[in-house]
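Visitor: Submitted below is the structure of interest, expressed as C-alpha cells.
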DNA sequence: CAATCCGATGGTAGCGCTGTCAATAATTGT
DNA sequence: ACAATTATTGACAGCGCTACCATCGGATTG
C-alpha cells in the first residue's frame, strides 16, 4: 500500500515529479545539478515547483546526503562594533546563496571555542568561518578534521588551517605609530583593553615602532583585561597620566577608548591635538565626526565578511582560490587629532 | 542482511542502545523524555552515550519528528547597537538549552521580512522571535499559521500574535520630553533618522507631550529616512538651526544622533546645557562618559533578549506565561546635558 | 480473584530525500 | 553500418531517528 500524501497540503518532491511527469530522482537533480537535465525536463520541473509552491525539506536532504547547507561562523563577541560590520558582510553575502549562516559566540574564551567547534563538527557544516589564528591545538585539530572549507578571518598569518582573509594588525599598528612619530611626538602612550590576540599584535606593532625610534618605555603602556568601553578609555588615560605625566600622544587599540580619552581631555582641559595627539583603531563612524575629528586606522570589516563567505562557498563548490590568504589591508585615516596645529 | 556500521567511527543511536542493552527506542527516549525511563536504564544509556561519545544526528531527528530545535530570530539590523545587546541576551539565554538560534536580517524591509518568515515557516522552527508589532497583514498571517510560539520584541502593543516583551516607546519618549519641559525649556527640537515604527512612536510621544504643553511646532521637527550615524546627528541639528534658530533643547531618537549634536555644538561653540539641552534615547554606554554627560532613556535590551528566549522556550515546552505581554519599562537617566547649570 | 489501569519497554514503519549504479537514448568515430 | 562512447533518466535502498501502537508485568480496585 503506497504512501499517501501525509496531509492535504503537503508537497513533497514526489508530487512535483508526478506533476512534471518525471521520476523523483530527476526532480531532485533539478535542484542539485540542473545542467544535467535536458532543457525540456528542466522547464517542466521548474514550472511544477512553482505551481505547487514546493519547498524542499532540508532535514531530509541533510539526512540523505550527509551534508548540510550551513556555514558556521564563530566570533568572539556580539557587542563589539567591529563584528557587527563583519557579520553584516557575512549575512549580506550569504543571502541569495543556498547556504544559511549559523552563528556562535565564544565570548573570547578559547575553551568555549573548542566546545563550539566540536558542536559544529557534529553537524557537518558545509563550511566554517572562524575568528583569528590563535586556536588551541585541540581546536586546530578539530578544524583540520572538519572535512569542509574553513576560513579564518580578522587577521592573517603564515599557517592557515585552510583559507584566510584579514589584515596585519601588527603592520597597521606600526603604521599608526610611525605616523604619530612623524608628527614629532616622542612620548606616545599605549592604551589597551581586553588584550585578545589581535590587540596583542597591535601592541607588538606599537612596541617595535617605538623601539625602532629608541622611544619604548613600559611606563607608557597601560592595559587591562576588562572589556572595552568609552568610559574605560578615560580611566586608562587617567592611569597613564599618573604614571607618565609628560606624554604627548596616545595610541588606543580601538576607537571606543580613543573617544573616552578625548572626553577625558575635555574634562581636564587638555587641548587636542595641541597638548596631546590621539589615534584610535578601526575607524568607526563617529571618529570623523568628533571634535576634533579623530585619527584612526580603517579596516575593511564589511568586505572581510563578504570575502569570507564568498571564499567558503567557492571552495565548497570546488572553486578554490589560487592564493589561500587574502590581505585586505588597512588605511590610516589622518584627522585633526594627530595633525599639526592649524589654528 | 542487517545494516552494518556505516563507518568504523560512526556512532548511531543503535550503537548506544546495544551497549546499554536496551532497544533503540528506549535510548531515543533517554533524550526526549528521560523521566519516562527507569532509573537503571537511564543510567545505563547515560554511560553508554558518554563512553561512545554519541552525538545525535539533528537532521534525522528533525525528519522523523517533524520538528526542529531551532528558534528563528528576525531583526531589522545587524549594525544597530541596540540589536547587538538584544542578540547578546538571546544567545546567552539559548546557550545551555537544547535550542539553537537562526538569525535573519530584514534590513528594515517589511517585504524582506515576509520573505524570511515564509522561509522560516518552511523549516518548521520550534519557536520564533520577531522585531516589532508592525508586520504586514501577510506576515501576520504567516506568523499565525506558524504553529509554534512567537514572541514579538522591542515594543509592546495591544494585539500580540502570541507573546510580547518590550516597552512603550511612546511613554518613554513622552517621559523624556516631560523632563525637558520641567527643566524650563520651551523650544524643543526633534531629530529623527530612519523613521521605523518604533522611532515613529517616539515621535508621537514627543508630539503629544509638546501639544499637551501647547508648544508643538512642526518647524522643530527634523527627520530623514537615512540610517542613523553620529555624523548625521550634526547634519540634522544644523538643519534644525536653520529652520528654528531659537531652540533651547533637542530630543534625539537615538544616542548616536545625540552625540552628533554634541559634537556640532562643540564646533559651533554652543554651550551644553547652558545654551542647549540634549537628550538621547537608548542610553548607550558612551552617554555617561561624554562631556558634558548626556541624558538618555535607558532601555533593557539585554533583558529583552533573555526574556524573549525564555518565554519562547517555556511556551515550546508547555509552560505558557500567565500574561502574554511583558513590559520591561525604561528609565530616564538624567545627566548634565539636561540639568540646570551648576557652574 | 478477575477486571482494570498504568508505567516501562519494544517492534514496525516510515519521515522526504539522495547516493549509487544500472538502463536507456542519443551521438560519435571508423 | 556497428561498436563505442556519452548524455539522460530511473530503480532501489537506505540516511538515523522517532511516532504510533502493542506488549507485558505488576499495582489497584471492587
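Chains as they are written, first to last, in the UniProt record's numbering: chain C, 1 to 343; chain L, 1 to 343.
Where is the CB? At the ideal position from N, CA and C, for every residue including glycine.
Quick caveat, the model's predicted, so the values are computed rather than measured.
Would you mind telling me which residues of chain C sit closer than 7 Å to residue 285 (chain L), beta carbon to beta carbon, in chain order?
Guide: Here the neighbours are 229, 230, 231.
Visitor: Could you tell me which of L:317, L:191, L:293 sits nearest to residue 241 (chain L), measuring between CA atoms?
Guide: If we check each option's Cα against that of residue 241 (chain L), L:191 comes out closest.
Visitor: Determine, using beta carbons only, whether residue 298 (chain C) and residue 283 (chain C) come nearer to each other than 8 Å.
Guide: Yes. Within cutoff.
Visitor: Determine the DSSP secondary structure at residue 133 (chain L), reduced to helix, strand or coil.
Guide: The answer is coil: DSSP assigns residue 133 (chain L) none of H, G, I, E or B.
Visitor: Taking just the CA atoms, how far does residue 309 (chain L) sit from residue 170 (chain L)?
Guide: Each residue's alpha carbon lies about 25 Å from the other.
Visitor: Shortest alpha-carbon distance to residue 219 (chain C) belongs to which of C:199, C:247, C:197?
Guide: The shortest Cα separation from residue 219 (chain C) among C:199, C:247, C:197 belongs to C:247.
Visitor: Can you check whether the C-beta of residue 5 (chain L) is within less than 8 Å of a C-beta belonging to chain C?
Guide: In this predicted model, residue 5 (chain L) has a pLDDT of only 35, less than 50, meaning its place in the structure is not dependable enough to derive any value.
Visitor: Out of L:213, L:254, L:113, which one is the CA nearest neighbour of residue 186 (chain L)?
Guide: It is L:213.
Visitor: Hey, would you say residue 189 (chain L) sits closer than 8 Å to residue 249 (chain L), going by beta carbons?
Guide: In contact: residue 189 (chain L) and residue 249 (chain L) (Cβ atoms closer than 8 Å).
Visitor: Can you give, in chain order, each stretch of the beta strand (DSSP E) that sits fully within the segment 185-233 of chain C and has at least 3 residues?
Guide: Taking only runs of at least 3 residues, the beta strand (DSSP E) segments lying wholly in the segment 185-233 of chain C are 188-192, 221-223.
Visitor: Extract the residue ranges of the beta strand (DSSP E) inside the segment 137-180 of chain L, only unbroken runs of 3 or more that lie entirely within it.
Guide: Here the runs fully enclosed are 150-155, 163-167.
Visitor: With a threshold of 8 Å between beta carbons, is residue 267 (chain C) in contact with chain L?
Guide: Yes, its Cβ sits closer than 8 Å to a Cβ of chain L.
Visitor: Below 8 Å between beta carbons: does that hold for residue 210 (chain L) and residue 216 (chain L)?
Guide: Cβ distance < 8 Å, so residue 210 (chain L) and residue 216 (chain L) count as in contact.
Visitor: In whole angstroms, what is the alpha-carbon distance linking residue 221 (chain C) and residue 294 (chain C)?
Guide: Spanning the two alpha carbons is a distance of roughly 20 Å.
Visitor: So what does residue 331 (chain L) bridge to, in DSSP terms?
Guide: Answer by DSSP bridge pairing, in chain order: L:298.
Visitor: Shorter than 8 Å from the beta carbon of residue 263 (chain L) to some beta carbon of chain C?
Guide: Interface residue, yes.
Visitor: Given that residue 55 (chain L) touches chain C, what residues does it touch there, using C-beta distances under 9 Å?
Guide: The contacting residues are 118, 119, 121, 122, 123.
Visitor: In the structure shown, what three-state DSSP assignment does residue 341 (chain C) receive?
Guide: Three-state DSSP puts residue 341 (chain C) in coil, outside helix and strand.
Visitor: Going by DSSP, which residues form a beta bridge with residue 252 (chain L)?
Guide: Per DSSP, L:191.
Visitor: Would you tell me roughly how many angstroms separate the C-alpha atoms of residue 4 (chain L) and residue 256 (chain C), rounded to the nearest one?
Guide: Only weak support exists for where residue 4 (chain L) lies, its pLDDT of 33 falling under 50; the value from the coordinates is given anyway. Those two C-alpha atoms are separated by around 58 Å.
Visitor: Can you tell me which of L:108, L:201, L:116 puts its alpha carbon nearest to the alpha carbon of residue 100 (chain C)?
Guide: With distances taken between Cα atoms, residue 100 (chain C) lies closest to L:116.
Visitor: Is residue 40 (chain L) helix, strand or coil by DSSP?
Guide: Residue 40 (chain L): helix per DSSP, three-state reduction.
Visitor: With a threshold of 7 Å (Cβ to nearest heavy atom), would residue 341 (chain L) be considered close to the ligand MG?
Guide: Among the components modelled here there is no ligand, and therefore nothing to report on the ligand MG.
Visitor: Going by other Cβ atoms of all chains shown within 10 Å of its Cβ, with 16 needed for buried, is residue 141 (chain C) buried or exposed?
Guide: Exposed, by the Cβ-count rule.
Visitor: What is the DSSP secondary structure of residue 126 (chain L), reduced to helix, strand or coil?
Guide: Of the three classes helix, strand and coil, the one that applies to residue 126 (chain L) here is coil, per DSSP.
Visitor: Please decide whether residue 271 (chain L) counts as near chain C, where near means a Cβ-Cβ distance under 8 Å.
Guide: Cβ-Cβ to chain C under 8 Å: no for residue 271 (chain L).
Visitor: Identify whether residue 240 (chain L) lies in helix, strand or coil by the three-state DSSP scheme.
Guide: Three-state result, residue 240 (chain L): helix.
Visitor: Does residue 179 (chain C) pass the burial test, meaning 16 or more other C-beta atoms within 10 Å, or should it be called exposed?
Guide: By the neighbour-count rule (16 or more Cβ atoms within 10 Å), residue 179 (chain C) is buried.
Visitor: Is it right to say residue 177 (chain C) is buried, meaning 16 or more other beta carbons lie within 10 angstroms of its own, or is it exposed?
Guide: Classification for residue 177 (chain C): buried.
Visitor: Closer than 8 Å by C-beta to residue 88 (chain C): which residues in its own chain qualify, once you throw out the five before and the five after it? Chain order, please.
Guide: 302, 305, listed in sequence order.
Visitor: What's the call for residue 49 (chain C), buried or exposed, on a 16-neighbour Cβ count within 10 Å?
Guide: It counts as buried.
Visitor: Measuring CB atoms only, is the segment 146-160 of chain C touching the segment 114-128 of chain C, in the sense that at least three cross pairs come out at less than 8 Å?
Guide: Touching, yes, given that three or more Cβ pairs across the two stretches are closer than 8 Å.
Visitor: Closer than 7 Å between beta carbons: that is the criterion. Which residues of the segment 285-315 of chain C meet it against chain L?
Guide: Taking 7 Å as the Cβ-Cβ cut-off against chain L, the residues of the segment 285-315 of chain C that qualify are 285, 286, 288, 289, 290, 291.
Visitor: Using 8 Å as the threshold, is the segment 271-291 of chain L in touch with the segment 56-75 of chain L, meaning 3 or more CB pairs across them?
Guide: No contact exists between the segment 271-291 of chain L and the segment 56-75 of chain L.
Visitor: Within a Cβ cutoff of 7 Å, which residues of the same chain sit near residue 98 (chain C), ignoring the five residues on either side of it in sequence?
Guide: Here the set comprises 69.
Visitor: Where residue 1 (chain C) and residue 119 (chain L) are concerned, what is the direct C-alpha to C-alpha distance, given to the nearest angstrom?
Guide: Caution is warranted here: a pLDDT of 28 is assigned to residue 1 (chain C), below 50, making its placement in the model unreliable, and the coordinate value is therefore given only provisionally. So the alpha carbons of these two residues sit roughly 33 Å apart.
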